[in-house]
Ligand code: RP5
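Residue numbers (our numbering): 5 to 172.
So this is what it looks like as structure tokens:
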């Protein structure tokens, strides 16, 4: 049922969180996508607490216009792997620091997908959350020249913001 999750018209990226507790980190994904003018939607859909909802979301994703999914989860972080099993769209995985192990558990859960169903796994925490947004942008920019220009401008501004070492 569509009312089980939030949809945004013409969204190209679907951001999925295993829990609302992942939002403080994953809001950086949303902010980065927004800065690049990428329409996206964010939902909390736990793979183990709401498997039927995740199934419906992923199976309808391509038809609704989504082109990339970004999945964030902590602990035994199976959200990205399950999403990738339900859609052939690219799935980008963001390991969260949950309640222990500083996120290493999440990282290994995501990066160690068995062969056949890939997920692209990013760094633990907000560095990976931002990079997942930039990687989604790079994928979408292959077929969107306006976004390509915005992504190049973002990269240029980032380069210009790098300062010389003190005394250098
Ligand atoms: C995972 O367990 C979530 O993605 C979150 O990172 C972690 C803790 O979830 P809560 O217990 O805070 O809901 O499913």
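Every residue gets a Cβ at the ideal spot worked out from N, C-alpha and C, and that includes glycine. As the structure is a prediction and not an experimental result, all values here were calculated from the model.
Here residue 73 is near residue 93, since their CB atoms are less than 8 angstroms apart. Of the candidates 89, 34, 78 and 38, the residue whose Cα lies closest to the Cα of residue 104 is 78.
If you look at residue 114, you'll find it in the alpha helix (DSSP H) that goes 108-115. Membership of residue 56 in the alpha helix (DSSP H) is indicated by the continuous run 55-65. Near the ligand RP5, residues with a Cβ at less than 6 angstroms from any of the ligand's heavy atoms are 22, 23, 25, 26, 50, 77, 78, 79, 100 and 102; the list follows chain order. Taking a C-beta distance under 8 angstroms as the contact criterion, residue 42 and residue 17 qualify as a contact pair.
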